[in-house]
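*Asks:* Quick one: the structure is below, questions incoming.
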Amino acid sequence: MSIKKPRTYHQRGRFISRKIAIDPKVNSLDDSTFLLFLMLIPHLDAEGRMQGDPVMIRGWCCPKRSWSIEQIEEMLTSLQNTKREDGLGVIERYTANGTECLWMPGFESEQIGLQKDHEAKGKYGYSDIPYPPSKLLKTKAKVEPVVEDTNFIEELRPKYPHLNLDEEWEKCKLWWSEGKREMKRPKSAFINWLSKAKVSNQLEPKSVETGDNMDGFEK
Numbered sequence: 007m008s009i010k011k012p013r014t015y016h017q018r019g020r021f022i023s024r025k026i027a028i029d030p031k032v033n034s035l036d037d038s039t040f041l042l043f044l045m046l047i048p049h050l051d052a053e054g055r056m057q058g059d060p061v062m063i064r065g066w067c068c069p070k071r072s073w074s075i076e077q078i079e080e081m082l083t084s085l086q087n088t089k090r091e092d093g094l095g096v097i098e099r100y101t102a103n104g105t106e107c108l109w110m111p112g113f114e115s116e117q118i119g120l121q122k123d124h125e126a127k128g129k130y131g132y133s134d135i136p137y138p139p140s141k142l143l144k145t146k147a148k149v150e151p152v153v154e155d156t157n158f159i160e161e162l163r164p165k166y167p168h169l170n171l172d173e174e175w176e177k178c179k180l181w182w183s184e185g186k187r188e189m190k191r192p193k194s195a196f197i198n199w200l201s202k203a204k205v206s207n208q209l210e211p212k213s214v215e216t217g218d219n220m221d222g223f224e225k
């Protein structure tokens, strides 16, 4: 029985740097696990994510290999247990909205010439795979955690009836964490984010009084 792959949001392949030949982490893997790692990369979307179900992975990434589902599961676990300098695994797997997800930390920094705006948008940025949970974004690197007092979201919800504020808040947090930035004024930063989301979606919410200075950034 063939597995129907959902509509994709990425190009025909991805960039693999030649420095992988001397990377001590991935070269500590056994040959099969290393090969699976390489076979995952072309199937990642522009956000470095894909479905993490080993059944799906076998059908999409390595249909001609004789690996069993159990073997693929073991190899994925080995990849997740192989830690980078920031404490994250070579891959990270998590479950969100009932979907088994796979994320490759550092993917975007390795994709020379990646132009997300040339790829179709999904439900979560340029992906149909939900964002990684915030705990995966809090690494051993010196990055200040995002303040999670989100009472202001309920205040803003009536003013942006056509936007999913919970989803936009997750996008906003991810943007800040990827840039290793400190979100000093979450409410102001989020209002700024929503103003750009409004333009992107060509929506006209009611006017919002910001009160204090907003944290400026390019979305």
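Under the numbering used here, the first residue of the sequence shown carries the number 7, and numbering increases by one thereafter.
All residues carry an ideal CB built from backbone N, CA and C; glycine is no exception.
Since this is a predicted model, take the numbers as computed values, not measurements.
Have a look at Ile28 and Tyr137 and give me their C-alpha separation to the nearest angstrom.
*Replies:* On the sequence shown, residue 28 is found 22 positions in, with the first residue counted as 1. On the sequence shown, residue 137 is found 131 positions in, with the first residue counted as 1. Whole-angstrom Cα-Cα distance: 30 Å.
*Asks:* Rounding to the nearest angstrom, what Cα-Cα distance links Lys146 and Lys89 in this structure?
*Replies:* Translated into the one-based positions of the sequence shown, residue 146 becomes position 140. Translated into the one-based positions of the sequence shown, residue 89 becomes position 83. Residue placement at Lys146 is poorly supported in this model, since its pLDDT is 49, which falls under 50; the coordinates still yield a value, given next. Going from the Cα of Lys146 to the Cα of Lys89 covers about 11 Å.
*Asks:* Could you give the residue range of the alpha helix (DSSP H) that holds Cys178?
*Replies:* Position 172 of the sequence shown, counted from the start, is the residue given in the question as residue 178. Its alpha helix (DSSP H) spans residues Leu171 to Glu184.
*Asks:* Just to confirm, are Leu85 and Thr39 a CB contact at a threshold of 9 Å?
*Replies:* Reading the sequence shown from its first residue, position 79 is the one you call residue 85. Reading the sequence shown from its first residue, position 33 is the one you call residue 39. Yes, Cβ-Cβ distance for Leu85 and Thr39 is below 9 Å.
*Asks:* Going by the CB atoms, is the gap between Leu42 and Leu94 shorter than 9 Å?
*Replies:* Position 88 of the sequence shown, counted from the start, is the residue given in the question as residue 94. Position 36 of the sequence shown, counted from the start, is the residue given in the question as residue 42. No, Cβ-Cβ distance for Leu94 and Leu42 is not below 9 Å.
*Asks:* Between Ile63, Asp36 and Asn33, which lies nearest to Ile47 when the distance is taken from Cα to Cα?
*Replies:* Translated into the one-based positions of the sequence shown, residue 47 becomes position 41. The shortest C-alpha separation from Ile47 is found at Ile63.
*Asks:* Which residues does DSSP pair with Gln57 in a beta bridge?
*Replies:* Taking the sequence shown and counting its residues from 1, the one referred to as residue 57 is at position 51. Looking at the DSSP assignment, Gln57 forms a beta bridge with Cys107.
*Asks:* Nearest CA to the CA of Glu174: which residue from Glu188, Ile159, Thr105 and Ser183?
*Replies:* Taking the sequence shown and counting its residues from 1, one reaches residue 174 at position 168. Checked all of Glu188, Ile159, Thr105 and Ser183; the closest Cα to Glu174 is Ile159.
*Asks:* Taking the alpha-carbon positions, what's the Asp92 to Leu35 distance?
*Replies:* The residue given as residue 92 occupies position 86 in the sequence shown. The residue given as residue 35 occupies position 29 in the sequence shown. Those two C-alpha atoms are separated by around 18 Å.
*Asks:* Quick check on Glu116 - is its C-beta less than 9 Å from some C-beta in chain C?
*Replies:* Included in the structure is just one protein chain, with no chain C present.
*Asks:* What is the C-beta distance between Trp182 and Met189, in whole angstroms, given that I count them as a contact (C-beta under 8 Å)?
*Replies:* As a position in the sequence shown, residue 182 is number 176, starting the count at 1. As a position in the sequence shown, residue 189 is number 183, starting the count at 1. That pair is a contact at about 5 Å.
*Asks:* With Thr39 as the anchor, note down where its alpha helix (DSSP H) starts and where it stops.
*Replies:* Numbered from 1 along the sequence shown, position 33 holds the residue referred to as residue 39. Counting along the chain, the alpha helix (DSSP H) containing Thr39 begins and ends at Asp37 to Leu46.
*Asks:* Measure the beta-carbon distance from Arg55 to Ser115 and round it to whole angstroms, keeping in mind my assumption that it falls under 8 Å.
*Replies:* Residue mapping note: residue 55 aligns to position 49 of the sequence shown, counting from 1. Residue mapping note: residue 115 aligns to position 109 of the sequence shown, counting from 1. 15 Å between Cβ atoms; not a contact.
*Asks:* Taking the alpha carbon of Phe113 as the reference point, which residue from Ile197, His49 and Ala195 has its own alpha carbon closest?
*Replies:* Translated into the one-based positions of the sequence shown, residue 113 becomes position 107. It is His49.
*Asks:* Would DSSP call Ile26 helix, strand or coil?
*Replies:* The residue you call residue 26 lines up with position 20 of the sequence shown. Three-state DSSP puts Ile26 in a helix.
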